[in-house]
Ligand SMILES: Cc1ncc(C[n+]2csc(CCOP(=O)(O)OP(=O)(O)O)c2C)c(N)n1
Ligand code: SF4
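Chains as they are written, first to last, in this note's numbering: chain U, 1 to 249; chain D, 1001 to 1181; chain G, 2001 to 2355.
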């Protein structure tokens, strides 16, 4: 019998502990494939965040570091500047990147650090039990916005790609999703470009991925995918927010 | 031998530079030296002062509380440091800018028309150099030649003309009391 | 003998760091240490190194975490409020067993405090500072010469034990000018051996992971116990101090950094008056020179601790002397700097009272 599907060598042979239907696993697989396809696994240092994907340091089959909550971009900058020959990616959730680590991501982008950021937007704090994130939609329920996010008291969500696009620094910004096969393929294409840009010394690339958190959202995996397509991507439109390769022309 | 010195005036009078020149001079003559300026917020108030210690032994405290010598460049500094001088110590003050008279009788007090003398050389702002010249002569701690070398270590980017003028001011101060070498 | 150069303490650190083979600096401006990043912005670049002015001290310490985890000598400098902000990062770095150098040019606190010299960050430096069971090797220079030489020592200790090291100076030492002798051959960073734990891509080897967490049952306990053994070794082998006139002393003054300079002047004044007074200057604050003090306390009745704080190191003196001696204190908090005569007065009061 022919084997037609297997774990890419870019991932370790460890059982992932994500919930059924979680988007993290899909994005891990994409990154794992790219480490091999771009032949960069042996020169890559990855950054695992604090969040559900803290265990990414066990899952990616390359050198990994696990820094404080939100500080991935600073740690990435330190590694990349100390060892420019390495490929450095920072894998972060929306609590990590858009809440506690807001300053670090904005300044890494403004300095156009030559790193690749994989930004998982699941509109919730997954690891700590489904609390409100900066990305939680207006009216959306979470364990700290139990009647739905009240924008008058709890403010409005942060749109990271739009916000970073207001800076001159970043080289490439795109928002993707992993709710459908088509979108997964698009996400992989975007991430491939982001790593390629780093190889070509272009600078800061961030790929935001709208990603399912069925557990935090109180939905089934199928509902969660549908919710991204119908609700979440309406608030967070998919697309390219910055592409300096086009601007140059 | 340990000499503890305080130099005080307002910003722009070359207080810090004078201190650093003395420290360089001490080092040129193989002495142990420390220089410590007032820094930060205090500087912004317009006053500046610094402590210099020149010693034949390693300097213990770089903080000068009871100076052997004070070089006073403006009125507020006189009020602040006159009483601190060690009995038997030396107080040099810039008479051009200071109208009050020091009251201490147990120290040597020397008024110097520093700004007038500097203006005579064509540049009021080198009044500090005149004072350093007097300091060298009255304390016998440093030679005139050393001071001339030392100012060159401080003002690395100055042109020859300015350096020569500074030398003249040092000489002028050195020659004020007794014969100049 | 090499030529001596008149230098600001803050500039001596910069030259010492570069001579120690460090080519990575990240930091954020704060008085009274601004001369360090200012000078680094020129010197690091001249030497082909990395200089980054960060958005905050939080970013600075985390960039260090990255650069040092990648196996390079890396340092930051700041002053008290900035060091407080770095504590989370230092805790992670200690928990991941990564060597870095952090320089604290201490100023008056708590809070924004003032910019005057102070020694009120002793507890923070010697008790770990952040969360968790860890210590940071802490060196206390007291001259521009030390500021030049200690970065090298700090990196060597940090790497030997895979632990963060601090240099705890203060505004006076940073802002003071003194002669510095370039007393050692500068280290070429390329000559430093590659670390067997550095993250640099897993070509030809197993992948490596640098982290401070371990959620598996019992594993963190095991790790911390192993780290505790390392701390025991450091405590045993790395205590450093200097003593003056202690052999026949009736009273020994204990002071570090700037205070030790001023205390040394007071001790000399006391000796001139015929008083038998000595000085013990801890050079490592962690590990504290407990052994020499324990020993001294068997014959010396009175110790006078002098600190530019309300009294922090005094706790370590009490622990080391185990109640065998009388411990007196003279402190100047909030940016106050003692003068020799006030320490002398205190010495005389203690010895007078003792008689
Ligand atoms: C300084 C600090 N504050 C709070 C936490 C607790 N904490 C761990 S993960 C997390 C939120 C993670 O959310 P997100 O980044 O969205 O990742 P997800 O779990 O959703 O993948 C928080 C608040 C922490 N570890 N450190
Ligand atoms: S809580 Fe959400 S983000 Fe975390 S593993 Fe489960 S589904 Fe994924």
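The C-beta atom is built at its ideal place from N, Cα and C for all residues, glycine as well. Just so you know, these numbers come straight off a predicted model, no measurement behind them.
Apart from the five residues on each side of it in sequence, which residues of its chain come closer than 6 Å, Cβ to Cβ, to residue i?
i, result
"residue 1178/D", "none"
"residue 2114/G", "2108, 2335"
"residue 63/U", "45"
"residue 2169/G", "2105, 2141"
"residue 1009/D", "1015, 1073, 1074, 1077"
"residue 2314/G", "2305, 2329"
"residue 1036/D", "1051, 1062"
"residue 97/U", "105, 119"
"residue 2246/G", "2252, 2278"
"residue 88/U", "45, 76, 79, 80, 115"
For residue i, collect the residues of the same chain with a Cβ closer than 7 Å to its Cβ; drop the 5 residues on either side in sequence, then sort them by chain order.
i, result
"residue 1024/D", "1150, 1153, 1154"
"residue 1180/D", "Per-residue confidence for residue 1180/D stands at a pLDDT of 40, beneath the threshold of 50, marking its modelled position as unreliable; the derived number appears in the next sentence. Hits under 7 Å: 1171, 1174."
"residue 1114/D", "1094, 1096, 1127, 1130, 1131"
"residue 2017/G", "2075, 2151"
"residue 75/U", "47, 65, 67"
"residue 2244/G", "2264, 2267, 2278, 2279"
"residue 2040/G", "2014, 2025, 2051"
Which of helix, strand or coil does DSSP assign to residue i?
i, result
"residue 119/U", "strand"
"residue 1180/D", "For residue 1180/D, the pLDDT reaches just 40, beneath the cut-off of 50, and the residue's location in the model is therefore unreliable, leaving the point undetermined."
"residue 243/U", "strand"
"residue 2098/G", "coil"
"residue 2175/G", "helix"
"residue 2345/G", "helix"
"residue 195/U", "helix"
"residue 68/U", "coil"
"residue 166/U", "coil"
"residue 2244/G", "strand"
"residue 48/U", "coil"
"residue 2302/G", "strand"
"residue 129/U", "coil"
"residue 2264/G", "helix"
"residue 2079/G", "coil"
"residue 178/U", "coil"
"residue 158/U", "coil"
"residue 105/U", "helix"
How many Å lie between residue i and residue j at the Cα?
i, j, result
"residue 26/U", "residue 123/U", "17 Å"
"residue 2083/G", "residue 2057/G", "7 Å"
"residue 165/U", "residue 191/U", "18 Å"
"residue 1135/D", "residue 2227/G", "59 Å"
"residue 2249/G", "residue 2277/G", "5 Å"
"residue 2304/G", "residue 80/U", "50 Å"
"residue 250/U", "residue 2034/G", "This structure gives no information on residue 250/U, because the portion of chain U shown stretches from 1 to 249."
"residue 2164/G", "residue 2102/G", "8 Å"
"residue 161/U", "residue 186/U", "17 Å"
"residue 184/U", "residue 177/U", "7 Å"
"residue 2066/G", "residue 2195/G", "14 Å"
"residue 1033/D", "residue 1053/D", "5 Å"
"residue 143/U", "residue 2126/G", "40 Å"
"residue 28/U", "residue 173/U", "19 Å"
"residue 2211/G", "residue 2069/G", "10 Å"
"residue 1079/D", "residue 2100/G", "48 Å"
"residue 2260/G", "residue 2048/G", "37 Å"
"residue 1971/G", "residue 1059/D", "Since the first residue of chain G shown is 2001 and the last is 2355, residue 1971/G is not available in this structure."
"residue 104/U", "residue 2052/G", "13 Å"
"residue 1176/D", "residue 1116/D", "13 Å"
"residue 1068/D", "residue 1102/D", "16 Å"
Can you list, in chain order, the residues of its chain with a C-beta nearer than 8 Å to that of residue i? Leave out the 5 residues immediately preceding and following it.
i, result
"residue 68/U", "50"
"residue 2129/G", "2083, 2087, 2090, 2091, 2136"
"residue 1012/D", "1125"
"residue 2241/G", "2280, 2281, 2282, 2283, 2284, 2289, 2292"
"residue 2176/G", "2008, 2009, 2144"
field: Whole runs of the alpha helix (DSSP H) within the stretch 1001 to 1075 of chain D, excluding any shorter than 4 residues
entry: 1015 to 1028, 1041 to 1044
field: Segments assigned alpha helix (DSSP H), at least 4 residues, entirely inside the stretch 2189 to 2231 of chain G
entry: none
- prompt: Which parts of the stretch 2025 to 2070 of chain G are runs of the beta strand (DSSP E), unbroken and 3 residues or longer, counting only runs that do not cross its ends?
  reply: 2050 to 2053
Every unbroken alpha helix (DSSP H) inside the stretch 1133 to 1175 of chain D [4 residues or more]: 1144 to 1154, 1160 to 1175
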